[in-house]
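Everything on this sheet refers to the single structure shown next.
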Amino acid sequence: MKQLEKVYDPSSVEERLYHQWMEKGYFHAEVEKDKKPFTIVMPPPNITGQLHMGHALDNTLQDILTRYKRMQGFNALWVPGTDHASIATEVKVVEKIAAEGLTKEDLGREGFLEKVWEWKEQYGGRIVEQLKKLGSSCDWDRERFTMDEGCSEAVQEVFIRLYEKGYIYRGSRIINWCPVCGTSISDAEVEHEEKEGHFWHLRYPVVGSDEFVQLATTRPETMLGDTAIAVNPEDERYAHLVGKMVRIPLVDREIPVVADSYVDKEFGTGVVKITPAHDPNDFEVGKRHDLPEICVMNDDGSMNDLCGKYAGMDRYEARKALVADLEAAGFLVKVEPHTHNVGTHDRCKCVIEPMIKAQWFVKMEEMAKPAIEAVKSGELNLVPKRMEKTYYNWLENIRDWCISRQLWWGHRIPAYYCQDCGEIIIAREKPHTCSKCSGSNFVQDEDTLDTWFSSALWPFSTLGWPENTEELKHFYPTSVLVTGYDIIFFWVIRMVFSGIEQMGEIPFKDVLFHGLVRAADGRKMSKSLGNGVDPLEVIEKYGADALRLTLVTGNAPGNDMRFYYERVEANRNFGNKLWNAARFIMMNYEGEDINLTVDLKDLIPADKWILSKVNTLAKEVTDNMDKYDLGVAVQKLYDFAWEEFCDWYIEMVKPRLYNKEDVTRPAALWTLKTVMTQILKMLHPYMPFITEEIFLGLQDQEDSIMISTWPAFIEEWNFKAEEEEINLIKEAVRNIRNLRSEMNVPPSRKAKVFVVSEDEKVISTFENGKVFFAVLGYASEVVIQKDNAGIDSDAVSVVIPNATVYIPFADLVDIEKELDRLAKEKAKLEGEVERVNKKLANEGFVAKAPAKLLEEEKAKKEKYETMLEAVVERIAHLSK
């Protein structure tokens, strides 16, 4: 048995062990049909990314589950990979070439994409190396990228299949447009933020009369694209106006008044302006009434050529100018402050502009149904269960998914336009001949697909689909997806309906949602707040194990957690506690056979107690981990290792270890090593590095803890009677320690301890545990008897079940010193009583003092008199 270094140094251990694991192929999984598969696909981090605390938590949880299942004998595969992150990556590269004085257009599409691939090669693997620092046991031989050849083929295949089935179509619809990024974005990428704004109340003149119709809007600039105003068909106030025309203020254009039940007659004036090209609800109203769609904005958020004098102005600049002109012309009635939810792009935080544009969409209504049923039937399990509400809400109210993006980096849409007749052909490669006009002049669609379109295929595209590979047949569907609750609609839902549609079954059986890692004050970590914590700096200072343990301890599925450096330090200290316990065991094994075995009947009750406890612990931890209660499981491990094993059992066995003649010494050594090994195995998924380093020093029969067997409950180790026995001794020790603490007795002062009981079982328990009970209870001698014979009347006592423990008072306290101390205490208390009495006897004080202060002084008097009485009694008792 080799000796460990005096102090555990993560920096010298972690890189060496990770390299060994990689070299020996422990992370790699091949198809083994005789083994049950366990599969996780990593949520692919962006190639723009750097490891942050969210990644650290996400990948720690995945690694814990993978290592756990690997030890249980599953064919465990954790598939890693990265995402091309179209918008984020394109923005990065545009910024980079801008520093060189270039634009996308200067380079052209092909030239720009060359720059992006160069950027990907330079920076794309950075986060992968950082994930390795965390200890991630992914199968790096199977690393994928959303734009590698196989994944790109899968994306194209799905697009074509969905198009042929009628699920993908091209049409002009209201989409979310980001003027900053210059692209459409999906509903899931829109964050709604509460912002201060205004209601502008306007008057629209009714054509052919002196009447005006009043309405309110939060976006006056869109009035340039109004094509109707609407009232509720049941609103009698405006029944006479339906079918008439009104004139748009400042614009020489007449629009109709239409009746539509969309209008809430109780809200505002009961009249709304309809701008089909700039509002999703207005778009639907426009379709019902066959209204024209007039887009009044350019892609950069400026007003277009249809806007007359306002053309070229930014939308907000145009708003100010319009409002000023409306007021001058008498069309502005009033302005009211108004707080409302404004949609912003989750990436650049720009306020999105609803705009009508020709885009590619996926029909969602039919594909949403089996995804809903998968959860309702219990086939798909969401953890925690409360996430089902969000899941159902999103799917039951889902709109068609806009999948086209006005970007160059990404999967290009496989649509080709015949330049001769306008026919659209969806194909795997550029067509030679048009099926409609026989022309051969084709241009491919300029747009790329939403990043989430390729991510939605991740559970099966990474395993070789559309080829029916052996990996796909063995490892799909995957076992569990681990992800943040914040991307349930971005990614989780899309994987579910994509898996069901393409593979005919759900992509994973369970989804484990985790929360956000927040700063210590509860705020979200962000660059703008400057409160982010770099996981790599934490690893460098404290080691990966301490960081991992911090991220999981106290972490419940779906809940946010706060990050404290104090916890990291405490968890590093826990690692040191384990290390020191292992060193203690190894030092006592010197000169002994490392593989010594003992018969269970040779164990004493203390050995059986700890063996039985770790046995039950294995059962409980396994149950917790199977239910994804990883935080609960590791807390039990932490408490057991620190308290039961280190603080109790190791102290119990020291007298036996230090006595080489003790015939039970081999049993103690075997128990120490056995229990420590069980602890290490159960902690390994959480703390892979320190557990491996100790394990390799503690035994020589297994090559790595990673591929060792997970502890299971062993009936032969179930010693309930011995557990009860040791628990009784522990209770006696705790009571003795509490008593001594109350009396300020230092551990160095030993005292005779009497255990009095008529119960033969109790007597036997203390006789068997006498040696370690004496050590733990700071006893100079332990006497076990059936009555109080020979015990002084002033002995202090504590009661435990079926027994009383006595300690002679004189053994605990130096009576002369205690009398001296009590005399000083008596004088001090007499002084306090005298001071309070004088105060309360002072008529001036009593007359002027507030009632509250008087009550406080009376309470002090009572307290000091009670304490003085107790001290006087104590002095009288000791002076006998």
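One point on numbering: in the working numbering, the residue at position 194 of the sequence shown is 197, and numbering is uninterrupted. We put the CB at the ideal spot given by N, CA and C, even for glycine. Computed from a predicted model, the values in this text were never measured in an experiment.
Quick check on the burial criterion: 16 or more other C-beta atoms within 10 angstroms. Buried or exposed for residue i?
i: R2; result: Beyond the ends of the chain as shown, which are 4 and 883, falls residue 2; an answer cannot be given.
i: P608; result: buried
i: P804; result: exposed
i: R322; result: buried
i: H348; result: buried
i: E876; result: exposed
i: C184; result: buried
i: T616; result: A small fix is needed here, since residue 616 is Lys in this sequence, not Thr. The residue is buried, with at least 16 neighbouring Cβ atoms inside 10 Å.
i: E718; result: exposed
i: G246; result: exposed
i: L568; result: Inspection of the sequence shows that residue 568 is occupied by Tyr rather than by Leu. Exposed: under 16 other Cβ atoms inside 10 Å.
i: V637; result: buried
Candidates the options: which alpha carbon is nearest residue i's?
i: L466; options: E146, R824 and L843; result: E146
i: T42; options: F511, V571, V808 and E647; result: F511
i: I787; options: A585, D797, S796 and F769; result: F769
i: S140; options: H31, K360 and V799; result: H31
i: A777; options: P750, D790, P208 and V802; result: P750
i: D423; options: I429, K433, F500 and C437; result: C437
i: G271; options: D308, R291 and F202; result: F202
i: N576; options: Y592, R256, Y545 and P417; result: Y545
i: D282; options: V260, K312 and M226; result: M226
i: K198; options: D450, S15, G518 and V354; result: V354
i: Q505; options: V158, L68 and N78; result: V158
i: S175; options: P40, A280 and D302; result: A280
i: R256; options: E192, Y241 and G228; result: G228
i: P480; options: E382, S189, K433 and F364; result: E382
Are the CB atoms of residue j and residue i within a distance shorter than 9 Å?
i: F162; j: L452; result: yes
i: I588; j: M679; result: yes
i: P658; j: D66; result: no
i: A231; j: Y265; result: no
i: K622; j: A724; result: no
i: S187; j: S458; result: no
i: L64; j: V555; result: yes
i: V756; j: T807; result: no
i: G138; j: P691; result: yes
i: P47; j: W461; result: yes
i: A219; j: P236; result: no
i: L205; j: L335; result: yes
i: I297; j: V288; result: no
i: A102; j: I50; result: no
i: V34; j: E734; result: no
i: I509; j: A377; result: yes
i: K753; j: S783; result: yes
i: Y11; j: G578; result: yes
i: F516; j: A584; result: no
i: K684; j: A644; result: no
i: E224; j: V299; result: yes
i: N730; j: T619; result: no
Give the DSSP bridge partners of residue i, in chain order.
i: E196; result: V345
i: R415; result: T451
i: Y809; result: F757 and S800
i: K276; result: I232
i: V446; result: Y420
i: S407; result: L452
i: K337; result: H204
Between residue i and residue j, how many whole angstroms is the CB-CB distance? I'm expecting something under 8 Å.
i: E860; j: V836; result: That belief does not hold up - the Cβ atoms of E860 and V836 are roughly 12 Å apart, past 8 Å.
i: H55; j: P538; result: 7 Å
i: V624; j: L640; result: 6 Å
i: W81; j: M45; result: 7 Å
i: L871; j: L832; result: 4 Å
i: T553; j: V536; result: In fact, because the Cβ distance is near 11 Å, the residues do not count as touching under 8 Å.
i: W582; j: E93; result: Not really, about 48 Å apart at Cβ, beyond 8 Å.
i: M390; j: G561; result: 6 Å
i: P669; j: L779; result: Their Cβ separation, rounded to whole angstroms, is 22 Å, which puts P669 and L779 out of contact at 8 Å.
i: G57; j: G502; result: At roughly 24 Å, the Cβ-Cβ gap does not stay under 8 Å, so G57 and G502 are not in contact.
i: L550; j: A59; result: 7 Å
i: G200; j: H343; result: 6 Å
i: I428; j: D448; result: Actually they do not touch by this definition, with Cβ atoms about 11 Å apart.
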